[in-house]
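Take a look at the structure set out below.
If you want it as structure tokens, here you go:
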């Protein structure tokens, strides 16, 4: 297939694009600079230089492709509008990347027993309402001749398959620990996130390209762990002392409001049946703690 992917210079998008090329697909990827374009070319990906604000460019690429994957931003409404408008009535596949912080509770590192399922999502918080509205827009496009899906990733671990980029959450903990010599988590670190290895994420996107049922929402997860479990593994890998609690305000000063409250300080516990039952997805990696301890550094 000819696949156009946004975010091709990023961790998720770059890994997906590389996986697509390895599987024999022809891939064009949106990047912002000539330097990034050279990176993609070296990986066998055709670079398209532009931004998510270039609506005409996005529409042109979407119409020329057999399928479109949006892996650049979960929150850019303009880009989604441009892509959907170009794809309406085509029955082409459109895979949109979301993230499971949409169910995050901003608990400040406290634990929760609440688990969310694909067919019973909660009302979004004020912070996440705009992202959920985009997800719903994409799912509704299935009624307008778009083979659409929302792929809602959890905490992703593993090393990038393509360009040399880091994932969002764990590398921030690692960087802070290396800088200070102390591993820290938000509050008591008892908050739990579902998680998945990047190689299993890529395999799901590949399956969804050919097997998606229009209008499907997928949680992508193959296990879960508390942050204190993950920071303890980081401490072991770095040969540092036991991880320490970090007050939320200090964590915000280091990582910012969004990352401290949602990316690192919330619970996001979900279960994904759709990928397994509809696509035949069978994740191979199931222990983030083992990966941190044995492979992260």
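Numbering (the UniProt record's numbering), first residue to last: 1 to 297. All residues carry an ideal CB built from backbone N, CA and C; glycine is no exception.
Please say whether residue j and residue i have beta carbons closer to each other than 7 Å?
i: residue 65; j: residue 82; result: no
i: residue 156; j: residue 69; result: no
i: residue 108; j: residue 20; result: no
i: residue 198; j: residue 158; result: yes
i: residue 119; j: residue 112; result: no
i: residue 204; j: residue 253; result: no
i: residue 110; j: residue 185; result: no
i: residue 39; j: residue 163; result: yes
i: residue 228; j: residue 173; result: no
i: residue 236; j: residue 182; result: no
i: residue 161; j: residue 18; result: yes
i: residue 80; j: residue 134; result: yes
i: residue 57; j: residue 141; result: no
i: residue 23; j: residue 206; result: yes
i: residue 77; j: residue 145; result: no
i: residue 194; j: residue 269; result: yes
i: residue 74; j: residue 99; result: yes
i: residue 280; j: residue 218; result: no
i: residue 10; j: residue 178; result: no
i: residue 103; j: residue 117; result: no
Is DSSP giving residue i helix, strand or coil here?
i: residue 29; result: strand
i: residue 67; result: strand
i: residue 7; result: coil
i: residue 99; result: strand
i: residue 45; result: coil
i: residue 287; result: coil
i: residue 213; result: coil
i: residue 169; result: coil
i: residue 208; result: helix
i: residue 164; result: coil
i: residue 149; result: strand
i: residue 303; result: The first residue shown for the chain is 1 and the last is 297, placing residue 303 beyond what the model contains.
i: residue 178; result: helix
i: residue 304; result: In the structure as shown, the chain starts at 1 and stops at 297, and residue 304 therefore has no counterpart that could be examined.
i: residue 90; result: coil
i: residue 203; result: helix
i: residue 144; result: helix
i: residue 120; result: strand
Pop quiz: residue i and residue j are said to be a contact at Cβ under 8 Å. What is the actual Cβ separation, rounded to whole angstroms?
i: residue 149; j: residue 216; result: 5 Å
i: residue 114; j: residue 267; result: 7 Å
i: residue 212; j: residue 147; result: 6 Å
i: residue 126; j: residue 67; result: Incorrect: roughly 34 Å between the Cβ atoms, too far for contact.
i: residue 47; j: residue 37; result: 4 Å
Along the alpha helix (DSSP H) that carries residue i, what are the first and last residues, could you check?
i: residue 15; result: 11-22
i: residue 250; result: 248-255
i: residue 264; result: Where residue 264 is concerned, there is no enclosing alpha helix (DSSP H), given that its DSSP letter is neither H nor E.
i: residue 80; result: 77-87
i: residue 278; result: 274-279
Got a sec, what are the start and stop residues for the beta strand (DSSP E) residue i sits in?
i: residue 224; result: 224-226
i: residue 137; result: Careful: residue 137 lies outside any beta strand (DSSP E), inside the alpha helix (DSSP H) at 129-140.
i: residue 292; result: Where residue 292 is concerned, there is no enclosing beta strand (DSSP E), given that its DSSP letter is neither H nor E.
i: residue 195; result: 192-197
i: residue 184; result: 184-186
i: residue 343; result: Outside the shown range of the chain, which is 1 to 297, sits residue 343, and nothing can be said about it.
Taking three-plus beta-carbon pairs below 8 Å as touching, is the segment 209-225 in contact with the segment 259-266? no
Counting Cβ pairs, one atom from each stretch, are 3 or more of them under 8 Å apart for the segment 11-28 and the segment 42-49? yes
Say whether the segment 87-97 touches the segment 24-40, bearing in mind that this needs 3 or more beta-carbon pairs closer than 8 Å, one atom from each stretch. no
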